[in-house]
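Okay, structure first, notes after.
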Amino acid sequence: MPALTRAEAVERRRLLEVRSSTVDLDLTQGDEVFGSVAVIRFACSSPGASSFVDVKPQTLLRAVLNGRELDPAALVDGRLPLDGLAAENELLVEATMAYSRTGEGMHRFVDPADGEAYVYTQAFLDDGPRFFASFDQPDLKAAYEVSVTAPEGWTVVGNGLVTRQEGGRWEFAPTPPISNYLVAIVAGPLFTVRSEHDGIPLGLHCRRSLGPYLEADAEEMLDTTRRSFDHYHRVFDQRYPFDSYDQCFVPEFNAGAMENPGCVTFRDEFVFRSAVTDTEREERAIVIAHEMAHMWFGDLVTMRWWDDLWLNESFAEYLAYTVVAESTRFSGAWTGFAAARKSWGYDADQRPSTHPVAPESVDDTAEALQNFDGISYSKGASALRQLVAWLGEEAFYKGVNSYFQQHAFGNAALADLLQALAASSGRDVHGWAERWLRTTGVDTLRVEPARSDEARADEAQADGTWAGGADGGQEGVGRGGARIVHSSVDGQLRPLLITAATYDRAADGHLVLRARRPLDLPAEPDHELDSVGAGDPDLLLLNDTDLGFVKIRLDDRSWRTVSDSLGGIPEELARAVLWGAARDMVRDGDLDPQSYLELVAAHLPGETSAHLIQSVLGFARSTLAEQYLTPEQRPAGLGLLAGVGRDLLRRTEGGPDDVTGLRLLAVRSLIAASSTPAELAVLQSWREEGGVPGGPELDPELSWQLLLRLCVLGAAGEDEIAAELVRDTSATGQEGAARCRAALPDQQAKDAAWEALFDSDLSNYLIAATSQGFWQPEQAELLGDRPQRYFEAVVGTAQRRGPAVGRLLARYAFPAYHATEQTVGAAEACLARTDLTAALRRGLVDQVDDLRRAVRARQAVAK
Ligand SMILES: [Zn+2]
42 MPALTRAEAV ERRRLLEVRS STVDLDLTQG DEVFGSVAVI RFACSSPGAS
92 SFVDVKPQTL LRAVLNGREL DPAALVDGRL PLDGLAAENE LLVEATMAYS
142 RTGEGMHRFV DPADGEAYVY TQAFLDDGPR FFASFDQPDL KAAYEVSVTA
192 PEGWTVVGNG LVTRQEGGRW EFAPTPPISN YLVAIVAGPL FTVRSEHDGI
242 PLGLHCRRSL GPYLEADAEE MLDTTRRSFD HYHRVFDQRY PFDSYDQCFV
292 PEFNAGAMEN PGCVTFRDEF VFRSAVTDTE REERAIVIAH EMAHMWFGDL
342 VTMRWWDDLW LNESFAEYLA YTVVAESTRF SGAWTGFAAA RKSWGYDADQ
392 RPSTHPVAPE SVDDTAEALQ NFDGISYSKG ASALRQLVAW LGEEAFYKGV
442 NSYFQQHAFG NAALADLLQA LAASSGRDVH GWAERWLRTT GVDTLRVEPA
492 RSDEARADEA QADGTWAGGA DGGQEGVGRG GARIVHSSVD GQLRPLLITA
542 ATYDRAADGH LVLRARRPLD LPAEPDHELD SVGAGDPDLL LLNDTDLGFV
592 KIRLDDRSWR TVSDSLGGIP EELARAVLWG AARDMVRDGD LDPQSYLELV
642 AAHLPGETSA HLIQSVLGFA RSTLAEQYLT PEQRPAGLGL LAGVGRDLLR
692 RTEGGPDDVT GLRLLAVRSL IAASSTPAEL AVLQSWREEG GVPGGPELDP
742 ELSWQLLLRL CVLGAAGEDE IAAELVRDTS ATGQEGAARC RAALPDQQAK
792 DAAWEALFDS DLSNYLIAAT SQGFWQPEQA ELLGDRPQRY FEAVVGTAQR
842 RGPAVGRLLA RYAFPAYHAT EQTVGAAEAC LARTDLTAAL RRGLVDQVDD
892 LRRAVRARQA VAK
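Here's what the structure looks like:
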């Protein structure tokens, strides 16, 4: 189906003004289809003109424009032409729609735990017409009046307050004007917890089989919701603009969550069935606060077209971290941002697919869908953090409030926000936006000896101390300090407002903060740093509070200090910045993977931050061990990681309650790295005993993870999988089994998984699970030439199954472990084809770029 272009949207907006829209859905038509009747009342500024309505039905039953029957056969590629429009029009579209299995449109799910069926909608970005006819673009807002007929025993949740009528009929109060991609319903025999806060009715909903888990955590989630409302009501003049706030946890959801006004949908893994770490609870709080921010940024004021997606996502991301850090118990949320979320932005900004935070123009909806990436979220939020630091909170919120006031229930663009912020602050916000929002790429700050010392340093073959003093002592005093070289790949620089800190080594090996100072760095290639403190510090760390979106490189002396004493730096955030720098260096080929692993072995066993343990071990296991280490190096790498897991396990033995989940992280990491017969014997013993001595017990998630590792290594098979499925009959049990079966080291299992991936109609979640199990470096021989065959198979499947599955197959089914020139070549040949869908192409472009980095890392090691 052709994507809606920006030009088409502009023209349709010029012509049309929607007055109101009613949507009537009938969910009692069986397992495959449902009924949909939409009536749209709209004005046309040029009577006699033509336009079109978007509708993607299984069967278009009837369309009537101003009393005139339209020919259903005129529907082509999801567009029904509307000719001879009057000044005021009424359009009725009646259709039979198909349920989806991919999380797009109206998704239907049968819970394997109890056989109950559930449906939910996902209209974003252009799937609204898969459940009701509409003008599918963000700037044709309408008041929606939705009604639903549902089976007996179901609950239906939607955008507004609902009245339940006779005969399973549910009628929702009309919404304020909203974009069509924000209309939502969730229905089924839901489990519900209700509450209220500050006059706003609150609801939490999930499928019945998850009820006990939702109930157990409901107070925590409601507490986050209440605190977030209070925070937003404190900083925004406009109160929450809708009549109620329901949060629905739905199965097989593609994104983290979706900000439908008053009816937010979340992936239901956020209803925890198994033990989780505190960082995972924090992540859930952040998603809750993120979606609430969208009630203002996105729902109250909506971007006019998708090129201003950042007006939704960057703000929601920035505000969520701010709210959670300031108003909930997760005060270290920004450390989580530094340790994990930011790398998503850095990585995205260094790929060929990068784009400005606010692109000048996004041509169509297919392109827009690809921009839901680390740029729009993580980099955008970092840029906003810079902006707030520069303008000050007061001027920032004053501008934001005037923007809300001017555009409430309407649409806006970048220029509107900049104007409001410029007016409130009196600063050159437009100039700032040109530098930060209209460019691509991440800057690097590199510490070098001060210019005046350079010659001397060269002559003396100085040992690279940052101030040029070879003895690391008094010579540095008052001698001009260090020089910061500010660079980027394309030479375009961005101004930076950051801090810098200096540390000295104490007698016990710990580092002691000597000084921290703000640095206001203009967009220039050289900065003199002249007053960091007297004498050479052992460590000079730029961006130590992580205010800037920038890569940092240390001078040699500082790097030596980090190698010896990274774990001895008192500030968790500074350690996060340094782990991030080490990660960058490995990806850029400036640090060999082996040295990174040595840092892990030296400093992680003593680490106390769950944020850091999780992100560092995650990178070491999934990127280094999986892709960067050669097959010859891999066993030693895994052995080292298993050793770190054992160290962490020992350290958390018999200690206080594992409130932050360090022990859980240790167990997960040890399972993932176990390879040797002795390590497998330990895993087998845990399995037999149903837990790890001293805890934790093997709950469903740990059980499946452990079984997966045993399956990969041929130490368990179909019998064990079947037995586990008897114990865990849930949907995640089904996914665990699919993952394990795809991971079995035999050709028959691989053939079956291959067919499931490329020739089936499996749901999005089962596709993801099967993909995750399929490729295992341990099975390279068995997998044979499948890495090459992947590129032949994936193109047709992505065409057949649409963007959601295309994205999953690129993300999880890509043979990333096979980091060879041959795989790069096969991928490039695939990208040269012209029949790739936009979603698959974007996914492959990113994977190939990562693969090239892995190949380079292996070659660097081989040298
Ligand atoms: Zn969002």
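For the sequence shown, the numbering used here assigns the number 42 to the initial residue and increments by one for each residue that follows. Note that CB positions come from ideal geometry on N, CA and C, so glycine has one too.
* Asked: The alpha helix (DSSP H) with P844 in it runs from where to where?
  -> 844-852
* **Cβ neighbours of P646 in the same chain (closer than 8 Å, five flanking residues each side left out)** => V685, D688, L689, R692
* Straight-line gap, E49 to A839 (C-alpha atoms, nearest Å) -> 26 Å
* **the segment 803-813 contacting the segment 777-785, beta-carbon criterion three pairs below 8 Å** => yes
* **In chain order, each alpha helix (DSSP H) run of at least 4 residues that lies wholly inside the segment 581-643** => 597-606, 613-628
* Asked: Is any heavy atom in ligand 1 found nearer than 7 Å to the beta carbon of A50?
  -> no
* **Where the alpha helix (DSSP H) through V470 begins and ends** => 470-477
* **Sub-8 Å separation of T265 and A651 beta-carbons** => no
* Length of the line joining the Cα atoms of R476 and G125 -> 47 Å
* Label E207 either buried or exposed according to how many other C-beta atoms from any shown protein chain fall within 10 Å of its C-beta, with 16 as the threshold for buried. => exposed
* Start-to-end residues for the beta strand (DSSP E) that takes in H238 -> 231-238
* Asked: Would the beta-carbon of N353 be found less than 7 Å away from any heavy atom of ligand 1?
  -> yes
* Would you check if the distance between the CB atom of M147 and the CB atom of R171 is smaller than 8 Å? => yes
* **Cβ neighbour criterion (16 or more within 10 Å) applied to V35** => Past the boundaries of the shown model lies residue 35; the chain is included only from 42 to 904, so the question cannot be answered.
* To do: Please find out if some non-hydrogen atom of ligand 1 comes closer than 7 Å to the beta-carbon of A357.
  => yes
* To do: Taking only heavy atoms of ligand 1 into account, decide whether any of them is closer than 7 Å to the Cβ of E324.
  => no
* To do: List the endpoints of the continuous alpha helix (DSSP H) containing L133.
  => Looking at the DSSP string, L133 is not in any alpha helix (DSSP H); the run it does join, the beta strand (DSSP E), is 129-139.
* Asked: D484 lies in the beta strand (DSSP E); which residues open and close that run?
  -> 484-490
* Asked: Given that a residue counts as buried once 16 or more other Cβ atoms are within 10 Å of its Cβ, and exposed if not, what is G510?
  -> Caution applies to G510, whose pLDDT of 34 falls short of 50 and renders its modelled position unreliable; the model cannot decide the point.
* Other residues of its chain near E260: CB distance less than 7 Å, five sequence neighbours each side excluded -> none
* By DSSP, does E673 sit in helix, in strand, or in coil? -> coil
* In the DSSP assignment, find the unbroken beta strand (DSSP E) run with L537 in it and report its ends. => 537-546
* E667, buried or exposed, once every other Cβ within 10 Å from all chains shown has been counted against 16 -> buried
* Inter-residue CB distance, F283 and G201 (contact presumed, cutoff 8 Å) -> 7 Å
* To do: Could you work out which residue in P490, H246, S804, A722 is closest to L263 when comparing CA atoms only?
  => H246
* To do: List the whole-angstrom C-beta distance separating R750 from S715, where the pair is believed to meet the contact cut-off of C-beta under 8 Å.
  => 6 Å
* Asked: Could you give the residue range of the beta strand (DSSP E) that holds H527?
  -> 523-528
* Helix or strand or just coil, what does DSSP make of R149? -> strand
* What does a CB cutoff of less than 7 Å around D349 pick up in its chain, not counting 5 residues either side in sequence? -> A399, A454, L455
* Asked: Taking buried to mean at least 16 other C-beta atoms within 10 Å of its own C-beta, is D388 buried or exposed?
  -> buried
* Just to confirm, does H335 get its C-beta within under 7 Å of one of the non-hydrogen atoms of ligand 1? -> yes
* **Completely contained beta strand (DSSP E) runs for the segment 295-328, where each covers 3 or more residues** => 304-308
* To do: With a threshold of 16 other CB atoms inside 10 Å of the CB of N107, please say whether the residue is buried or exposed.
  => exposed
* Asked: Taking 7 Å as the cut-off, is the CB of E260 close to at least one heavy atom of ligand 1?
  -> no
* To do: Within 10 angstroms of the Cβ of M344, are there 16 or more other Cβ atoms? Answer buried if so, exposed if not.
  => buried
* To do: Quick one: give me the first and last residue of the alpha helix (DSSP H) that D287 is part of.
  => Taken as a continuous stretch (DSSP letters only), D287 belongs to no alpha helix (DSSP H), being part of the beta strand (DSSP E) at 286-291.
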